[in-house]
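Chemist: There's a structure below that I have some questions on.
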Amino acid sequence: MTGVPTGAGPLHSAAGRATGISSSAQVRAVLGPTNTGKTHLAIERMLAHASGIIGFPLRLLARENYDRMVARKGVGKVALITGEEKIIPPDARWFSCTVEAMPLDRRVAFVAVDEIQLCADPDRGHIFTDRLLHARGQVETMFLGADTIRPLLRRLVPGIEIDHRPRLSHLGHMGASKLTRLPPRSAIVAFSAAEVYAIAELIRRRRGGCAIVMGQLSPRTRNAQVALYQNKEVDYLVATDAIGMGLNMDVNHVAFASLSKFDGTRMRPLTPAEIAQVAGRAGRGLRDGTFGTTGMCRPLSEEVAEAVEEHRFDPLTRLSWRNSDLDFSSPDALLTSLGRSPPRPELTAGHEASDVLALANLAASPEIRTLARSRAATRLLWEACQIPDFRKLGDDSHIRLCARIFSHVIRDGRVPPAWMEGQIAAFLRPEGTIDSLMHRLSGIRVCAYVAARPDWLRNAEYWQERTRDAENQLSDALHAQLTARFVDRRAATLIRRLDEGSADDLLSAVTAQGEVLVEGHPVGRIAGLDLMADGIDAPDGRLLMRAARRAVRTEIPRRVHVLAHAPDSCFDIAQDGRHLMWEGVNVARLRRGHDLLHPRIEVLDNPLLDNVQRERIRERLQQWLERHVRDVLAPLFAAQAAVPDDPALRGIVHRLMEDGGVTPLHRDEARSRVLHGHLGRLGIRMGHLALFMPALMKPRCMRLRAILTCAHMETDIPELPAASVISVPHDLLPATFMDRMGWMRAGPVRIRADIGEKLVTELTRQTRHHPVPLSNALASRLSIRRDAVLAVLKGLDIHVRPARPMPPAQFGPPAPVMLMGRLRHRPAHTAPRTVPSRAAAPPAGNRRPHPAARGGHDAGDHPFAALAVLKVRQS
Numbered sequence: 001m002t003g004v005p006t007g008a009g010p011l012h013s014a015a016g017r018a019t020g021i022s023s024s025a026q027v028r029a030v031l032g033p034t035n036t037g038k039t040h041l042a043i044e045r046m047l048a049h050a051s052g053i054i055g056f057p058l059r060l061l062a063r064e065n066y067d068r069m070v071a072r073k074g075v076g077k078v079a080l081i082t083g084e085e086k087i088i089p090p091d092a093r094w095f096s097c098t099v100e101a102m103p104l105d106r107r108v109a110f111v112a113v114d115e116i117q118l119c120a121d122p123d124r125g126h127i128f129t130d131r132l133l134h135a136r137g138q139v140e141t142m143f144l145g146a147d148t149i150r151p152l153l154r155r156l157v158p159g160i161e162i163d164h165r166p167r168l169s170h171l172g173h174m175g176a177s178k179l180t181r182l183p184p185r186s187a188i189v190a191f192s193a194a195e196v197y198a199i200a201e202l203i204r205r206r207r208g209g210c211a212i213v214m215g216q217l218s219p220r221t222r223n224a225q226v227a228l229y230q231n232k233e234v235d236y237l238v239a240t241d242a243i244g245m246g247l248n249m250d251v252n253h254v255a256f257a258s259l260s261k262f263d264g265t266r267m268r269p270l271t272p273a274e275i276a277q278v279a280g281r282a283g284r285g286l287r288d289g290t291f292g293t294t295g296m297c298r299p300l301s302e303e304v305a306e307a308v309e310e311h312r313f314d315p316l317t318r319l320s321w322r323n324s325d326l327d328f329s330s331p332d333a334l335l336t337s338l339g340r341s342p343p344r345p346e347l348t349a350g351h352e353a354s355d356v357l358a359l360a361n362l363a364a365s366p367e368i369r370t371l372a373r374s375r376a377a378t379r380l381l382w383e384a385c386q387i388p389d390f391r392k393l394g395d396d397s398h399i400r401l402c403a404r405i406f407s408h409v410i411r412d413g414r415v416p417p418a419w420m421e422g423q424i425a426a427f428l429r430p431e432g433t434i435d436s437l438m439h440r441l442s443g444i445r446v447c448a449y450v451a452a453r454p455d456w457l458r459n460a461e462y463w464q465e466r467t468r469d470a471e472n473q474l475s476d477a478l479h480a481q482l483t484a485r486f487v488d489r490r491a492a493t494l495i496r497r498l499d500e501g502s503a504d505d506l507l508s509a510v511t512a513q514g515e516v517l518v519e520g521h522p523v524g525r526i527a528g529l530d531l532m533a534d535g536i537d538a539p540d541g542r543l544l545m546r547a548a549r550r551a552v553r554t555e556i557p558r559r560v561h562v563l564a565h566a567p568d569s570c571f572d573i574a575q576d577g578r579h580l581m582w583e584g585v586n587v588a589r590l591r592r593g594h595d596l597l598h599p600r601i602e603v604l605d606n607p608l609l610d611n612v613q614r615e616r617i618r619e620r621l622q623q624w625l626e627r628h629v630r631d632v633l634a635p636l637f638a639a640q641a642a643v644p645d646d647p648a649l650r651g652i653v654h655r656l657m658e659d660g661g662v663t664p665l666h667r668d669e670a671r672s673r674v675l676h677g678h679l680g681r682l683g684i685r686m687g688h689l690a691l692f693m694p695a696l697m698k699p700r701c702m703r704l705r706a707i708l709t710c711a712h713m714e715t716d717i718p719e720l721p722a723a724s725v726i727s728v729p730h731d732l733l734p735a736t737f738m739d740r741m742g743w744m745r746a747g748p749v750r751i752r753a754d755i756g757e758k759l760v761t762e763l764t765r766q767t768r769h770h771p772v773p774l775s776n777a778l779a780s781r782l783s784i785r786r787d788a789v790l791a792v793l794k795g796l797d798i799h800v801r802p803a804r805p806m807p808p809a810q811f812g813p814p815a816p817v818m819l820m821g822r823l824r825h826r827p828a829h830t831a832p833r834t835v836p837s838r839a840a841a842p843p844a845g846n847r848r849p850h851p852a853a854r855g856g857h858d859a860g861d862h863p864f865a866a867l868a869v870l871k872v873r874q875s
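Take the sequence shown: its position 411, counting from 1, is numbered 411 in the UniProt record's numbering, and each next residue is one higher.
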């Protein structure tokens with residue numbers, strides 16, 4: 001092919017063999033933005049002629065307009081031809097086709113090609129360019145598309161008449177919007193399946209659901225999804241840029257979730273013209289539309305937005321082209337002819353298509369080269385390589401498929417029925433995920449493409465019916481999966497009713513099980529005294545909850561009455577220690593009261609309660625809490641009731657009440673043995689450093705004391721050590737809290753008061769008359785490291801004499817670590833005792849032992865220390 005045809009000619013094959021067109025045949029281009037009625041005009045013109053063919057860029061569009069034409073002319077007069085579907089009645093006069101499947105050998109009065117600006121597409125553009133240069137009707141030819149192709153049309157098709165049609169409605173830029181704030185009847189556009197699914201999931205949670213439109217969907221699935229939207233079962237549509245190719249829906253606003261797409265080789269930004277093509281789906285007929293961005297997408301620049309609004313774009317400078325005058329003498333000659341350079345500067349080679357790649361791979365196979373020795377065999381090989389790669393698996397499986405089809409047809413004359421049956425059976429499994437169903441649909445589309453070739457299959461009509469039935473089954477399953485995953489009909493219905501009117505118009509009620517119904521749909525449940533929303537998280541949630549609250553106006557007073565008369569077993573303190581629960585639900589929180597044992601109760605904020613109801617709830621909870629505290633801390637209240645008129649005892653018990661069962665020991669109390677006896681009878685232990693009640697150190701009491709302490713301190717309750725724990729690091733919890741809970745500081749650790757006092761008493765008794773060796777079991781007993789024992793004993797005021805080696809002149813093992821007794825038998829803040837004078841010697845029975853025996857500081861300072869100890873023991 002050395003030039004480009006310039007005159008009108010018949011619709012013919014790429015080789016240009018057909019002839020016989022009248023010189024008066026008209027070639028027109030109808031250009032303009034979206035929503036100008038171009039497609040409607042072309043179909044009206046075609047149906048006014050005796051015959052016609054119109055090519056669309058998508059199978060979905062071909063099917064949609066086929067249905068429109070059938071409604072006008074009848075099923076026996078209209079044909080549908082796509083790669084996967086061929087419905088050709090014997091008397092068909094008008095044809096709706098994909099551009100690739102237009103029957104180039106059929107003479108018709110009218111020919112049209114939609115979206116002719118796709119000539120510039122690097123992947124499919126060469127097909128559109130071939131139709132632009134070669135496809136002609138006998139009476140009229142019409143090209144429909146955007147104004148951007150106008151200059152090239154004038155150069156490539158001399159004498160063409162170009163009409164401009166203005167948009168019927170205004171398209172305005174609305175800026176950026178949050179996904180959850182998009183108006184109803186919006187289409188959200190993304191450029192990958194993952195993005196579509198993520199956005200659809202969010203729309204389902206926030207707005208009740210959406211329909212899905214993607215190019216991979218079969219016409220049946222796409223139509224079912226669009227019906228969801230068109231019938232207003234959902235108010236949102238999430239789609240790829242497939243909606244930009246003439247799909248007409250009731251869309252008011254188009255929101256871009258992304259402004260870049262993968263074009264087969266790289267990610268690239270959308271051009272303003274591409275943005276306008278998609279944005280133009282908003283507003284149909286005379287109704288205005290808007291566009292903008294949403295989600296994480298950056299806002300459109302003012303220049304781009306203005307260009308889209310005013311339909312001003314840079315004209316196209318190059319169209320994709322591939323030679324259609326092919327040499328079928330051999331596979332190598334065919335490849336050479338396919339690679340021929342464009343004949344004009346306005347034309348350029350596009351991306352290397354999958355059919356050329358498949359041909360190049362198969363032409364290198366010795367087996368295939370042996371079979372492709374004739375022109376007919378080479379043509380068949382090229383036709384097999386043109387099977388569309390719908391599955392796009394990214395491996396050589398599609399090339400192997402093309403080779404298999406070619407081999408079967410060239411050797412056997414037909415594709416074996418068993419192979420077709422096996423392929424269909426492998427894909428016809430209507431269970432599984434959305435992605436798996438879409439993958440199987442792609443496989444069935446390949447089978448349908450093969451079945452559409454009657455020269456490749458015996459009984460082709462049967463296989464066409466089989467593949468159509470398989471596609472329908474998978475399409476229905478896919479539609480069901482999409483609807484189940486991305487549509488919440490209950491939420492969508494309620495939100496639509498809220499959009500149409502106020503919440504006061506909605507009927508609402510509460511079931512006996514506490515389920516709240518609005519317009520017959522469950523929207524929540526009553527838990528305790530709260531209305532809990534159930535699965536609706538939307539900007540209209542306030543209105544929805546207002547309708548639901550109206551339903552519980554009579555239920556809440558009844559529940560308050562039940563709470564006020566409920567038995568104590570219905571109440572408890574929450575696990576967090578800050579809230580009070582009724583029937584397992586938080587209804588109030590604890591606040592600081594006038595003392596530790598009497599915290600204040602604050603009913604939780606609840607718009608369903610009035611002040612009188614709040615007070616009733618507070619009084620009932622206060623009664624229960626006082627009884628609960630008295631029950632758990634019964635020993636403390638028993639001691640308060642049993643205190644005689646002794647002011648000292650009353651003061652001590654009062655301090656214990658204020659501190660929750662553990663209080664510091666005063667110096668005058670530490671010296672009083674009488675006071676010690678009285679306190680013991682009350683269950684109060686007078687330790688070396690503190691007064692406490694051992695009964696209150698049990699786990700149940702400890703937890704309640706911790707809750708009351710934290711409420712009084714206005715802090716969160718920490719996690720208490722387990723009941724089996726003996727010691728904890730001293731900085732594990734705040735010091736003030738640990739002191740009040742009765743964990744006494746002992747060097748690097750804290751030891752529970754009852755256990756610590758028991759240990760100190762035991763060691764004091766052992767060392768009352770003489771030092772004793774330090775037991776190796778003490779570290780295990782206190783659950784501490786062996787190297788921390790001395791520091792812990794020092795913290796308990798137990799004096800320890802470290803191990804000492806023998807003097808240089810003596811031999812023997814070193815003296816062991818010795819416990820010498822307590823340094824102080826009084827609290828740190830008490831005054832020192834008066835030391836009696838040496839003149840007042842004690843009685844003989846109370847004679848003080850030798851310093852070495854009683855562990856004085858001079859013990860062990862001379863070599864006869866050990867003998868002195870033995871002498872004292874013998875005496």
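Glycine is no exception: its CB is placed at the ideal position from the N, C-alpha and C atoms. Since we're looking at a predicted model, the values are computed, not measured.
1. Cα-Cα, which of 612, 613, 625, 595 is closest to residue 579?
2. Between the C-alpha atoms of residue 577 and residue 590, what's the straight-line distance to the nearest angstrom?
3. Should the stretch 220 to 236 be called in touch with the stretch 181 to 191, which here means at least 3 C-beta pairs below 8 Å?
4. Let me know if residue 112 comes out buried or exposed under the rule of 16 or more other beta-carbons within 10 Å of its beta-carbon.
5. If you count every other CB in all the chains shown that lies within 10 Å of the CB of residue 370, and 16 or more means buried, which is it?
6. Where does residue 661 fall in DSSP's three states?
7. May I ask you to verify whether the stretch 705 to 720 touches the stretch 740 to 753, counting CB pairs closer than 8 Å and requiring at least 3?
8. Can you give me the start and stop residues for the alpha helix (DSSP H) that residue 794 sits inside?
9. Within the same chain, show all residues whose beta-carbon is closer than 7 Å to that of residue 307, passing over the 5 residues directly before and after it, in chain order.
10. By Cβ distance below 6 Å, which residues in the same chain neighbour residue 196 in space, the five residues on each side in sequence not counted?
11. Write down the C-beta distance between residue 283 and residue 289 rounded to the nearest angstrom, noting that I regard them as a contact closer than 8 Å.
12. Quick one: is residue 221 buried, meaning 16 or more other Cβ sit within 10 Å of its Cβ, or exposed?
13. With three or more C-beta pairs closer than 8 Å as the rule, is the stretch 74 to 85 touching the stretch 165 to 172?
14. Skipping 5 residues on each side, what residues in its chain have a beta carbon closer than 6 Å to that of residue 760?
15. Between the Cα of residue 881 and the Cα atoms of 44, 98, 139, 435, which residue gives the shortest distance?
16. What are the boundary residues of the alpha helix (DSSP H) that includes residue 73?
17. Looking at residue 329: is its Cβ nearer than 8 Å to the Cβ of residue 281?
18. The beta strand (DSSP E) with residue 269 in it runs from where to where?
19. Which residue from 120, 799, 645 puts its Cα closest to that of residue 317?
20. What does the alpha-carbon distance come out to for the pair residue 444 and residue 416?
21. Please work out which residues of its chain come closer than 7 Å, Cβ to Cβ, to residue 755, disregarding the five sequence neighbours upstream and downstream, and give them in chain order.
22. Per DSSP, residue 764 forms a beta bridge with which residues?
23. Roughly how many whole angstroms lie between the Cα atoms of residue 734 and residue 176?
24. Can you tell me the Cα-Cα spacing of residue 149 and residue 315, whole angstroms?
25. On the three-state DSSP scale, how would you describe residue 100?
26. Let me check understanding here. Comparing Cα to Cα, which of 464, 298, 509, 819 lies closest to residue 770?
27. Only counting the same chain, and skipping five residues up and downstream in sequence, which positions put a Cβ closer than 7 Å to that of residue 142?
28. Could you give the distance in angstroms between the alpha-carbon of residue 341 and the alpha-carbon of residue 489?
29. Count the other CB atoms within 10 Å of the CB of residue 286; is the residue buried (16 or more) or exposed (fewer)?
30. DSSP on residue 573, reduced to helix/strand/coil?
31. Mark residue 420 as exposed unless 16 or more other C-beta atoms lie within 10 angstroms of its C-beta, in which case mark it buried.
32. Assuming contact is defined by CB atoms lying nearer than 8 Å, are residue 132 and residue 157 in contact in what I supplied?
33. Report the rounded CA-to-CA distance for residue 610 versus residue 594, giving the unit in angstroms.
34. Just how far apart, CA to CA, sit residue 128 and residue 409?
35. Is residue 38 buried or exposed, if buried means 16 or more other CB atoms sit within 10 Å of its CB?
36. Does the distance from the C-beta atom of residue 109 to that of residue 139 stay below 8 Å?
Modeler: In terms of the structure at hand:
1. Taking the sequence shown and counting its residues from 1, the one referred to as residue 579 is at position 579. The option with the nearest alpha carbon to residue 579 is 625.
2. The sequence position of residue 577 within the sequence shown is 577, counting from 1. The sequence position of residue 590 within the sequence shown is 590, counting from 1. Those two C-alpha atoms are separated by around 8 Å.
3. For the pair of segments examined, the stretch 220 to 236 was found to touch the stretch 181 to 191: the number of CB pairs separated by less than 8 Å reaches three.
4. Numbered from its first residue, the sequence shown carries residue 112 at position 112. When all chains shown are included, residue 112 counts as buried.
5. Taking the sequence shown and counting its residues from 1, the one referred to as residue 370 is at position 370. That one is exposed.
6. Indexing the sequence shown from 1 puts residue 661 at position 661. Three-state DSSP puts residue 661 in coil, outside helix and strand.
7. Between the stretch 705 to 720 and the stretch 740 to 753, the count of Cβ pairs shorter than 8 Å is three or higher; the stretches touch.
8. Numbered from its first residue, the sequence shown carries residue 794 at position 794. Per DSSP, residue 794 is one residue of the alpha helix (DSSP H) stretching across 789 to 795.
9. For the purposes of this step, residue 307 is taken as the residue at position 307 of the sequence shown. If we look at residue 307 and ignore the five residues flanking it on each side, its Cβ neighbours are 272, 313.
10. The residue labelled residue 196 in the question sits at position 196 within the sequence shown. Cβ contact annotation for residue 196 (same chain, cutoff 6 Å, sequence separation greater than five): 190, 238, in chain order.
11. Against the sequence shown, residue 283 aligns to sequence position 283. Against the sequence shown, residue 289 aligns to sequence position 289. With a Cβ gap of about 2 Å, residue 283 and residue 289 count as contacting.
12. Within the sequence shown, residue 221 is the residue found at index 221, counting from 1. With a threshold of 16 other beta carbon atoms within 10 Å, residue 221 meets it and is buried.
13. In short, these stretches do not touch, since the Cβ pair count stays below three.
14. Within the sequence shown, the letter at position 760 stands for residue 760. If we look at residue 760 and ignore the five residues flanking it on each side, its Cβ neighbours are 688, 796.
15. The requested residue 881 is not part of the displayed model; the chain covers only 1 to 875.
16. Taking the sequence shown and counting its residues from 1, one reaches residue 73 at position 73. Unbroken alpha helix (DSSP H) run through residue 73: 59 to 73.
17. Locating residue 329 in the sequence shown gives position 329, counting from the first residue. Locating residue 281 in the sequence shown gives position 281, counting from the first residue. Not a contact, by the Cβ cut-off of 8 Å.
18. Along the sequence shown, one-based indexing puts residue 269 at 269. Start and end: 267 to 269.
19. Here residue 317 refers to the residue found at position 317 of the sequence shown. When each option's Cα is compared against that of residue 317, the closest is 120.
20. The residue labelled residue 444 in the question sits at position 444 within the sequence shown. The residue labelled residue 416 in the question sits at position 416 within the sequence shown. Roughly 17 Å separates the two Cα atoms.
21. The residue you call residue 755 lines up with position 755 of the sequence shown. If you ignore the 5 residues before and after residue 755, its C-beta comes within less than 7 Å of the C-beta of 726, all in its own chain and listed in chain order.
22. Here residue 764 corresponds to residue number 764 of the sequence shown, with the count starting at 1. Residue 764 is not bridged to any residue.
23. The sequence position of residue 734 within the sequence shown is 734, counting from 1. The sequence position of residue 176 within the sequence shown is 176, counting from 1. So the alpha carbons of these two residues sit roughly 50 Å apart.
24. By 1-based counting over the sequence shown, the position of residue 149 is 149. By 1-based counting over the sequence shown, the position of residue 315 is 315. Approximately 6 Å, taken between the alpha carbons.
25. Locating residue 100 in the sequence shown gives position 100, where the first residue counts as 1. In the displayed model, residue 100 falls within a helix according to three-state DSSP.
26. Taking the first residue of the sequence shown as position 1, residue 770 is located at position 770. Ranking 464, 298, 509, 819 by Cα distance to residue 770 puts 819 first.
27. By one-based count along the sequence shown, residue 142 stands at place 142. Correct list, in chain order: 28, 30, 42, 45, 112.
28. Position 341 of the sequence shown, counted from the start, is the residue given in the question as residue 341. Position 489 of the sequence shown, counted from the start, is the residue given in the question as residue 489. Spanning the two alpha carbons is a distance of roughly 56 Å.
29. Numbered from 1 along the sequence shown, position 286 holds the residue referred to as residue 286. Exposure of residue 286 is indicated by the presence of fewer than 16 other C-beta atoms within 10 angstroms of its C-beta.
30. Counting from 1 along the sequence shown, the entry for residue 573 is found at position 573. If DSSP states are grouped into helix, strand and coil, residue 573 belongs with the strands.
31. As a first step, residue 420 is located in the sequence shown; it is residue number 420 there, counting from the start. The residue is buried, with at least 16 neighbouring Cβ atoms inside 10 Å.
32. The residue given as residue 132 occupies position 132 in the sequence shown. The residue given as residue 157 occupies position 157 in the sequence shown. Yes, the pair counts as a contact, with Cβ atoms nearer than the cut-off.
33. Sequence index remark: in the sequence shown, residue 610 carries index 610 (1-based). Sequence index remark: in the sequence shown, residue 594 carries index 594 (1-based). For residue 610 and residue 594, the distance between alpha carbons rounds to 26 Å.
34. The sequence position of residue 128 within the sequence shown is 128, counting from 1. The sequence position of residue 409 within the sequence shown is 409, counting from 1. Near 29 Å, if we compare the C-alpha coordinates of residue 409 and residue 128.
35. Taking the first residue of the sequence shown as 1, we reach residue 38 at position 38. So residue 38 counts as buried.
36. By 1-based counting over the sequence shown, the position of residue 109 is 109. By 1-based counting over the sequence shown, the position of residue 139 is 139. It is a contact, given that the beta carbons lie within the stated cut-off.
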